[in-house]
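So the structure is just underneath, and the comments pick up after that.
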């Protein structure tokens, strides 16, 4: 494949060391492995090769693959979730938690300024919190398959809509006319941050489009 | 006028007791009175009579007036900003302010959970804060004029857009086709809460419209 190609992929991601599956696209396998999450939307995922929709190691591997090909690839931390950093382990006075009426417990995750950290230990009035990504420092093994390539303009728009907001043919109408695309949604709210991501990616990866109209339809009840 | 009529109004609002002007629509008078605020957009205001776009006392008076008429009306607190309530005066320990690194000062306004309060006094480690609306308990005197009535469908849409989001012909395109209206904006963001208010008011006060399409246009740079 080439950078900028629109493809659908399937994968199973495991931690090499433990063999633990941390992410996968196949619902059946999830059920079989006993890790099925009913709130998660399984299925092939649309991505743009080389656009950072997946971790670097996967993006690089995809560029070497063809449609229909399946590979097993080992990805080192620096091309996955980075190395573990000691400076991301912080000591926080237990009193800080008490002030906010939080009882710190080892193993629990807390969120400080939007960054999630795991409580590692509590002793001497201090709480040790690890703000490293849970997959930092881990070598990953991915079973990855490119199931199809998308070349149709309208389908490319849907790839981007699906990736960022899980919108599909049932929830969003896409109309293309010359260099303009209109995306129409109803009874759905898209955060403006996501709307901007969608528009940015359309302009970056779909050269034919110069204007995007994002419409929300409201009907009188 | 009747409830539901779309009109443009001009006004000067004064506190009866002190004669102080607290709100007005005319830029020239604001300058003459030495209360001009360069950040405020002066000019006639579009409202819907009886829809709560203005205080109750004004809404009731407008219903008795005709287009072009000018009146001076006295409005008692219960039809303006309500009576003052003693239970909205709170004593807050000074330590609460210190915890958040705020130095309380008499006369300053603070915001707690989105409600604004004025610091009235500080003594014995306690800060007295008045959360009453600054105009609560005040009898108001309004000089009010209905400058014109709007009957055109498209202009009615603009009244609502202008009232809620200061949008006008230059910043929003309005297209009406049968029972449908499309509102198109570019390089402007409207909070979804305001978007919903606009749509709700269109459906409530413009019976002819059954569908609203709110579009944001993005162009490639």
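Residue numbers (the working numbering), protein chains in the order written: chain A, 74 to 294; chain B, 74 to 294.
All C-beta atoms, glycine included, are put in the ideal place defined by N, C-alpha and C.
Note that the structure is predicted; figures quoted are calculated from it, not measured.
Cβ neighbours of residue i in the same chain (closer than 8 Å, five flanking residues each side left out)
i: residue 182 of chain B; result: 189, 190, 191, 192
i: residue 270 of chain B; result: 237
i: residue 116 of chain A; result: 98, 100
i: residue 149 of chain B; result: 130, 212
i: residue 180 of chain A; result: 191, 192
i: residue 168 of chain A; result: 198
i: residue 107 of chain B; result: none
Cβ-based burial, residue i [other Cβ within 10 Å; buried from 16]
i: residue 119 of chain B; result: buried
i: residue 361 of chain B; result: Residue 361 of chain B cannot be examined here, being either before or after the span of chain B that is shown, 74 to 294.
i: residue 260 of chain B; result: exposed
i: residue 185 of chain B; result: exposed
i: residue 202 of chain A; result: buried
i: residue 225 of chain B; result: exposed
i: residue 134 of chain A; result: buried
i: residue 132 of chain B; result: buried
Cβ neighbours of residue i in the same chain (closer than 7 Å, five flanking residues each side left out)
i: residue 166 of chain A; result: 198, 199
i: residue 235 of chain B; result: 119, 241
i: residue 93 of chain B; result: 87
i: residue 239 of chain A; result: 114
Neighbour list for residue i in chain B, Cβ cutoff strictly below 7 Å
i: residue 265 of chain A; result: 262
Separation of residue j from residue i, as counted between CA atoms
i: residue 90 of chain A; j: residue 105 of chain A; result: 21 Å
i: residue 257 of chain B; j: residue 123 of chain A; result: 34 Å
i: residue 159 of chain B; j: residue 151 of chain B; result: 16 Å
i: residue 221 of chain B; j: residue 80 of chain B; result: 6 Å
i: residue 163 of chain A; j: residue 176 of chain A; result: 17 Å
i: residue 121 of chain B; j: residue 128 of chain B; result: 12 Å
i: residue 273 of chain B; j: residue 145 of chain B; result: 32 Å
i: residue 227 of chain B; j: residue 204 of chain A; result: 55 Å
i: residue 88 of chain B; j: residue 114 of chain B; result: 22 Å
i: residue 126 of chain B; j: residue 153 of chain B; result: 12 Å
i: residue 251 of chain A; j: residue 279 of chain A; result: 13 Å
i: residue 268 of chain A; j: residue 264 of chain B; result: 13 Å
i: residue 111 of chain B; j: residue 86 of chain B; result: 19 Å
i: residue 294 of chain A; j: residue 254 of chain B; result: 16 Å
i: residue 139 of chain B; j: residue 286 of chain A; result: 42 Å
i: residue 147 of chain A; j: residue 214 of chain A; result: 4 Å
i: residue 275 of chain B; j: residue 194 of chain B; result: 46 Å
i: residue 95 of chain B; j: residue 74 of chain B; result: 26 Å
i: residue 277 of chain A; j: residue 262 of chain A; result: 24 Å
i: residue 248 of chain A; j: residue 233 of chain B; result: 29 Å
i: residue 282 of chain B; j: residue 244 of chain B; result: 21 Å
i: residue 292 of chain A; j: residue 292 of chain B; result: 27 Å
i: residue 187 of chain A; j: residue 187 of chain B; result: 22 Å
i: residue 103 of chain B; j: residue 196 of chain B; result: 38 Å
i: residue 172 of chain A; j: residue 82 of chain B; result: 51 Å
CB-CB length for residue i against residue j, believed under 8 Å
i: residue 109 of chain B; j: residue 216 of chain B; result: In fact, because the Cβ distance is near 18 Å, the residues do not count as touching under 8 Å.
i: residue 290 of chain A; j: residue 284 of chain B; result: 7 Å
i: residue 218 of chain B; j: residue 231 of chain B; result: Not confirmed; about 20 Å, so no contact.
i: residue 209 of chain B; j: residue 157 of chain B; result: 5 Å
i: residue 136 of chain A; j: residue 76 of chain A; result: 7 Å
Contacts that residue i makes with chain A (C-beta to C-beta distance below 7 Å)
i: residue 221 of chain B; result: In chain order: nothing, as chain A lies at least about 28 Å away.
i: residue 276 of chain B; result: 293
Within chain A, the residues that residue i reaches when beta carbons sit closer than 9 Å
i: residue 285 of chain B; result: 289, 290, 291, 292, 293
i: residue 170 of chain B; result: Residues of chain A passing the Cβ test: none, with the nearest at roughly 15 Å.
Proximal chain A residues relative to residue i, where beta-carbon distance stays under 8 Å
i: residue 95 of chain B; result: Neighbours of residue 95 of chain B on chain A: none; closest Cβ ~34 Å, over 8 Å.
Under 9 Å by beta carbon: chain B residues contacting residue i
i: residue 295 of chain A; result: Outside the shown range of chain A (74 to 294) lies residue 295 of chain A, about which nothing can therefore be said.
i: residue 247 of chain A; result: Under the 9 Å cutoff, chain B gives no residues; its nearest Cβ is about 14 Å from residue 247 of chain A.
Cβ shell of residue i (< 6 Å), same chain only, five flanking positions each side left out
i: residue 229 of chain A; result: 79, 223, 279
i: residue 174 of chain A; result: none
i: residue 161 of chain B; result: 204, 205
i: residue 170 of chain A; result: 177
i: residue 155 of chain A; result: 209
i: residue 207 of chain B; result: none
Under 8 Å from the C-beta of residue i: neighbouring residues of chain B
i: residue 272 of chain A; result: 291
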